[in-house]
Structures are given as structure tokens and as C-alpha cells.
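Novice: There's a structure below that I have some questions on.
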Amino acid sequence: EFKKLTGFLDGMQLLTIIVGTLTIIAGVIAISNILLITVKERTKEIGIMKVLGCDMNRIRDMFLIESGAIGLIGGLTGVVFSFIISIVINALGVAVAVSGVDGNISRIPPWLVISAIIFAVIIGMLAGFFPSLRAMKLSPLTALRND
């Protein structure tokens, strides 16, 4: 019976990894899409900044900070949902049903929370890297003509 339980838990872990990976990929695509639209909408502003002599690195950093903030919001949301799910699992007594042991089966250590938030910010910034490069490469004259 222990082998059945171990096999079930291994399958659940694999399913969780697959769902998490697909979620990260979807998040990267969504953040990149949002920032590409933002670059398109701010084309005239970017052109004005370039004409006024704004440093290209500042333009890049502006979009990287924005994408990092989006990643931070996503990471914080994920952590909150994780805590809610953990509380529900522990409240329903899943520990007794699964392992026959009283107590909490779901625990989220502080290092995992911090790591998840840092990871979300890094993923957000990586997703915003190519849109920020696009903003840097915009021609000031073309950007000012754009409506």
C-alpha cells in the first residue's frame, strides 16, 4: 500500500511540475505581449525622450522595471494563493486521509516564499527584455510621426 501512495504522490508531483512550467511559459508570453503593446502605445513618448537626449539605458530600464513589477505582482498573487490552498488542505484534514498522521501536511517555508517572489521578478524582467530592446531601437523621427 505504501508503494501505491508513493506512486500517487510522484504522479501528483509530476503533474504539478508540468502545470507550473506551462504557467510560467504562459506568464512570459503574457508579460512580453503586454510590454510590446506598451511600447507601441508609448512610441511617441519614447521618440520625445530620445529627441531630448534621454539615455538609451534609461529607456530600457524603464521597461525592465515595469516588467519586473508585473512579475512581482504575479509572484505575490501566487504566494497568496499557495497559502490559501495550504490552509484549505490542512483544514480539511488531508494529512489524516493521506498519511494517517495528525497535523499539517502542507507547509510553506519562508525561504520558498522569498525564492518564488525573486524568481517571478526575474522571469518578468527576462520577459520584458526583448520589448525593451525594441523600445531602444526605435528611430526618434519614426516614433514622433507615429499616431
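For the sequence shown, our numbering gives the first residue as -13, with consecutive numbering after it.
The beta-carbon is built from N, C-alpha and C at its ideal position, and this holds for glycine as well.
If you're wondering where the values come from, they're calculated on a predicted model, not measured in any experiment.
1) Compute the distance between the beta-carbons of Ala113 and Ser53, then report whether it is under 7 Å.
2) What would DSSP say about Ser125, mapped onto helix, strand or coil?
3) Within the chosen definition, does the region 43 to 52 reach the region 70 to 77 through at least 3 CB pairs nearer than 8 Å?
4) Checking 7 Å against the spacing of the C-beta atoms, do Val14 and Pro126 come in under that value?
5) Apart from the five residues on each side of it in sequence, which residues of its chain come closer than 7 Å, Cβ to Cβ, to Phe116?
6) Buried or exposed for Leu0, going by 16 or more other Cβ atoms inside 10 Å?
7) Residues in the same chain with beta-carbon distance under 8 Å from Met111, minus the five sequence neighbours each way, listed in chain order, please.
8) Pop quiz: Ala121 and Ile23 are said to be a contact at Cβ under 8 Å. What is the actual Cβ separation, rounded to whole angstroms?
9) What is the C-beta distance between Ile10 and Ile104, in whole angstroms, given that I count them as a contact (C-beta under 8 Å)?
10) Helix, strand or coil for Ile4? Go by DSSP, reduced to three states.
11) Write down every uninterrupted run of the alpha helix (DSSP H) in the region 63 to 117 whose length is 4 residues or greater and which is fully enclosed by it, in chain order.
12) What residue range is occupied by the uninterrupted alpha helix (DSSP H) comprising Gly33?
13) Would a C-beta distance cut-off of 7 Å place Gly60 and Ala106 closer than the cut-off?
14) Between Ala102 and Phe69, what straight-line distance do the alpha-carbon atoms span, to the nearest angstrom?
Specialist: According to the data block:
1) In the sequence shown, residue 113 corresponds to position 127, counting from 1. In the sequence shown, residue 53 corresponds to position 67, counting from 1. Yes, Cβ-Cβ distance for Ala113 and Ser53 is below 7 Å.
2) Translated into positions along the sequence shown, residue 125 becomes position 139. It is coil, neither helix nor strand.
3) Contact between the region 43 to 52 and the region 70 to 77 is absent, because fewer than three Cβ pairs lie under 8 Å.
4) Translated into the one-based positions of the sequence shown, residue 14 becomes position 28. Translated into the one-based positions of the sequence shown, residue 126 becomes position 140. Not in contact: Val14 and Pro126 (Cβ atoms no closer than 7 Å).
5) Looking up residue 116 in the sequence shown gives position 130. A distance below 7 Å between beta-carbons, with the five flanking residues on each side excluded, links Phe116 to the following residues of its chain, in chain order: Ser18.
6) Taking the sequence shown and counting its residues from 1, one reaches residue 0 at position 14. Leu0 comes out exposed.
7) As a working mapping, residue 111 is identified with position 125 in the sequence shown. Cβ within range, chain order: Leu50, Ser53, Gly54, Gly57.
8) Sequence index remark: in the sequence shown, residue 121 carries index 135 (1-based). Sequence index remark: in the sequence shown, residue 23 carries index 37 (1-based). In fact, because the Cβ distance is near 12 Å, the residues do not count as touching under 8 Å.
9) Position 24 of the sequence shown holds residue 10. Position 118 of the sequence shown holds residue 104. With a Cβ gap of about 14 Å, Ile10 and Ile104 do not count as contacting.
10) Counting from 1 along the sequence shown, the entry for residue 4 is found at position 18. Note: Ile4 maps to helix in three-state DSSP.
11) 80 to 85, 96 to 113
12) On the sequence shown, position 47 is the one that residue 33 refers to. Where Gly33 is concerned, the enclosing alpha helix (DSSP H) stretches over 29 to 37.
13) Taking the sequence shown and counting its residues from 1, the one referred to as residue 60 is at position 74. Taking the sequence shown and counting its residues from 1, the one referred to as residue 106 is at position 120. Cβ atoms of Gly60 and Ala106: closer than 7 Å.
14) Counting from 1 along the sequence shown, the entry for residue 102 is found at position 116. Counting from 1 along the sequence shown, the entry for residue 69 is found at position 83. Roughly 13 Å separates the two Cα atoms.
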